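One structure below.
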Amino acid sequence: MKHIVTIIFVFMLLLTFSATTVFAQGHVDPPYLQIQSAENPITVDGRLDETDWQRRFDHLVFRSGFTPGDVEYGVTGEVTVQAPYTDTTTTIVKILHHGLDLYISLNSNDQSVCRFDGSWEGDGLFMKINDANGIPVEYKLYFNLAGTDPDIHYEGPGMYPNSGSGAAWKHPATIVNDTTAADSGYTAELVIHLDKLGYTDPYADIPVLINIFDPDGY
């Protein structure tokens, strides 16, 4: 069946070395998330093979009906665009920084990686982040290209054209925009160079909105 689910998280990034945080609301829709520092710069190839990603730290889980716990945090909400539909995809979102480079990883077990019909949407990340002047700008890293098995597509803000990049790695059984067999998911990485957005403090508080798009059946 053809459906799309959008899961949303709105929060504040706190760039810090500290590993201990307590949220008043618990592990669902926290107002902020403390972001750990990577030991070394991350190679943005989508594979998530750096040891920094394997560390145990607070992260987000985008899944319909998710019950959070320990270092796993639930998100703000979700919208099923074409109901009724029960979405089973889990996308784990982790965030690190190395100085003023902000790294975001996606780890998805999606069994139908695709573009949403003929629209601009596709499996992956749509986010807004405030620049140093408080102006929200958009970044997208998603499978929204037509054709059989295209690569992931990165789009950054026009006013900051060199402020980021992204890449993905498709698991062996994943063929994008193909419905003849189940896919086995993907991983992806995005880097945002915060200095290009006007930030000078590597420990600044930064408002962020993150959406995970999950169309199925296209």
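Quick note: the sequence shown uses our numbering, first residue 645, plus one each step. Just so it is clear, CB atoms sit at the ideal spot from N, CA and C, and this is done for glycine as well. As the structure is a computational prediction, the values presented were derived from the model and not from experiment.
Restricting attention to alpha helix (DSSP H) runs no shorter than 4 residues, the region 682 to 741 encloses them at 695 to 698, ordered along the chain.
A contact is defined here as three or more CB-CB pairs under 8 Å, and the region 696 to 711 meets this definition with respect to the region 729 to 741. Residue state for L838 is assigned as helix, using DSSP reduced to three classes. Of the candidates K840, I679, E716, L785, the residue whose Cα lies closest to the Cα of P805 is K840. For the set V757, A790, E765, the Cα lying nearest the Cα of P816 is the one of V757. According to the DSSP assignment, A811 belongs to the beta strand (DSSP E) that extends over 808 to 814. Residue pairing for G768: DSSP places it in a beta bridge opposite Y786, F857.
Looking at the DSSP output, I819 shares a beta bridge with no other residue. When DSSP states are grouped into helix, strand and coil, T792 belongs to the coil group.
Y862 counts as buried, since no fewer than 16 other beta carbons sit within 10 angstroms of its beta carbon. If you draw a straight line from the Cα of A776 to the Cα of T844, it comes to about 9 Å. Contact fails between the region 826 to 837 and the region 848 to 861, because fewer than three Cβ pairs, one in each stretch, are under 8 Å apart.
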